[in-house]
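Chemist: Numbering (my numbering), first residue to last: -4 to 495.
Even for Gly, the Cβ is constructed at its ideal location relative to N, Cα and C.
Please read all numbers here as calculations on a predicted model, not as lab measurements.
1. Can you give the beta carbon distance from residue 175 to residue 488, rounded, assuming they're within the 8 Å contact cut?
2. Rounding to the nearest angstrom, what Cα-Cα distance links residue 532 and residue 390 in this structure?
3. Count the other C-beta atoms from every protein chain shown that fall within 10 angstroms of the C-beta of residue 418, then say buried if there are 16 or more, exposed otherwise.
4. I need the DSSP call for residue 280, collapsed to helix, strand or coil.
5. Three or more C-beta pairs under 8 Å: does that hold for the segment 207 to 218 against the segment 477 to 488?
6. Report yes if the CB atom of residue 77 is closer than 7 Å to the CB atom of residue 53, and no otherwise.
7. Got a sec, what are the start and stop residues for the alpha helix (DSSP H) residue 246 sits in?
8. Measuring straight from C-alpha to C-alpha, what distance separates residue 482 and residue 473?
9. Between the beta-carbon of residue 283 and the beta-carbon of residue 273, is there less than 7 Å?
10. What is the rounded straight-line gap between the Cα of residue 67 and the Cα of residue 453?
11. So the candidates are 188, 459 and 206; which of them puts its Cα closest to the Cα of residue 336?
12. I'd like to check one pair, residue 313 with residue 320: are the Cβ atoms closer than 7 Å?
13. For residue 47, tell me which candidate among 18, 219 and 184 has the shortest Cα-Cα distance.
14. Helix, strand or coil, according to DSSP, for residue 346 in the structure here?
15. Quick one: using the 10 Å Cβ neighbour count with 16 as the cut-off for buried, is residue 45 buried or exposed?
16. What beta strand (DSSP E) runs, 3 residues minimum, are completely inside the segment 6 to 41?
17. What residue ranges within the segment 47 to 125 form continuous beta strand (DSSP E) runs of no fewer than 3 residues, ordered along the chain?
18. Counting C-beta neighbours from all protein chains within 10 Å, is the total for residue 18 16 or more, i.e. buried, or is it exposed?
19. Nearest to residue 401 by CA position, among 430, 254, 150 and 383, is which residue?
20. Checking the sheet assignment: what are the DSSP bridge partners for residue 364?
21. Counting Cβ pairs, one atom from each stretch, are 3 or more of them under 8 Å apart for the segment 244 to 261 and the segment 221 to 231?
22. Mind checking residue 406: buried by the 16 CB within 10 Å criterion, or exposed?
23. Tell me whether the segment 204 to 212 and the segment 73 to 93 touch, counting them as touching only if at least three CB pairs, one residue from each stretch, are closer than 8 Å.
24. Look up residue 492 in the DSSP assignment and give the residues it is bridged to.
25. According to DSSP, what are the bridge partners of residue 166?
26. Quickly, what does DSSP pair residue 383 with across the bridge? List them, please.
27. Among the candidates 334, 98, 12 and 381, whose CA atom is the shortest distance from the CA of residue 393?
28. If you reduce the DSSP assignment to three classes, tell me which class residue 204 lands in.
29. Taking 7 Å as the cut-off, decide whether the C-beta atoms of residue 181 and residue 144 are in contact.
30. Decide if residue 170 is buried, meaning its Cβ has at least 16 other Cβ atoms within 10 Å, or exposed.
31. Can you give me the start and stop residues for the alpha helix (DSSP H) that residue 212 sits inside?
32. Counting along the chain, where does the alpha helix (DSSP H) carrying residue 330 start and finish?
33. Under three-state DSSP, which class holds residue 230?
34. Please list the terminal residues of the continuous alpha helix (DSSP H) segment that includes residue 401.
35. Take the Cβ of residue 356 as the centre, count every other Cβ of all protein chains shown within 10 Å, and call the residue buried at 16 or more, exposed below.
36. Looking only at its own chain, which residues have a Cβ that is under 6 Å from the Cβ of residue 307, when we skip the five neighbours before and after it?
The following block contains the structure:
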């Protein structure tokens, strides 16, 4: 009798669990929204842990339901609205910012002390404060001021490549991270990094930046857990920035401020800003030092990883499309006399170079998905009249890769075709269909800064070298879905041949 009771209780519990999961995973159907067929209990995003990137998972959903302006999906048991109609995307990212201003994931100081100081991980009120401060570093006047640093680092990059020789096979991703480490060290801290010295190791700036997104399987698992299954962080820990990186930047800030004050030096950069608040009555303010350290790390991250990966992608795409590479070279020859150096105005008035940059971001965007969380009930309606009421707390996903690969928007959706961004083609597309830097108030605050830096390096290399894929390069290019940021299956391998 007792055994029968336990069996009955177990059966009842199992039936209750099944009923609960099925009820949770029919949230959208009960609201009249077309939804996926989620895996029982684990939902739709499970493949994003190791098999595919989140962008690839969402792109597959969009293709399967290509006629729908939005689709209901599930992150484990959490209902997620995937929006792919340009009008709805604009509504979410731009027009109805009051309802969709928060990113899905926010970081508290308890979660991660560093990322809690980053605009990306801040809630809307904290974001306003942080963005205002960060935008001061990315004004047009500031970019003009640091352009010479970009140019110096670009020349060092070209010299580093030349020293390797025309027969050398270079890791394009590592090469470009050496460059952004060098440029960021100069721009932010006024320090001459050794990352681009021939025969040198990448150096401490490279190591500190690279550890954030490339810290091994445990680091990748933490990023996955933040976005898809936060309870796992209670087991594996939630710190995304390791203590070695924090210690490096803490010492860098304190030593740099003390050295400049001792020598009477001044320079318009992060260290100069830190000097105003770090020393109080002749002593280091420990609270200020901690905050400045976190700000320094975030500023470095913003200017290191994504810029390097975009530059590396552009080099690889031009190497595999020599006719487009020659168009960039011809444009440079048209605008610059022999021996004439690049300048800020020229870099910003080269239309085809800009098209190459944007096409690279279209094919390989740094963020393959924009994740927002509804904070106030809002009704989203497509041009066809289909609508859905989004309740507070509901995640809303914009599938960037699916939008960028949509044949209704781009004539060569999966090819490298810089003419997608010719004036004629841009005029023929609706808004909110190019999301390389996001859109609306929460788009990347350093977009112009990154654009000028990457284009300066790209133009410098194209002037001096013909890029070709090395023999070990795996073609066609395919994204490695197992990494947090963009990398390619088989890597990024290039050769550089001098151009007369």
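Modeler: If we stick to the structure as given:
1. With 8 Å as the limit, residue 175 and residue 488 do not qualify as a contact, their Cβ atoms being about 19 Å apart.
2. A query on residue 532 cannot be resolved here, the shown segment of the chain reaching from -4 to 495 and no further.
3. exposed
4. coil
5. yes
6. yes
7. 238 to 258
8. 9 Å
9. yes
10. 41 Å
11. 459
12. yes
13. 219
14. helix
15. exposed
16. none
17. 65 to 70 and 73 to 78
18. exposed
19. 430
20. 394
21. no
22. exposed
23. no
24. 461
25. 488
26. 375
27. 98
28. helix
29. yes
30. buried
31. 212 to 223
32. 317 to 330
33. helix
34. Residue 401 -> no alpha helix (DSSP H), and no H or E assigned at all.
35. buried
36. 167, 168, 171 and 487
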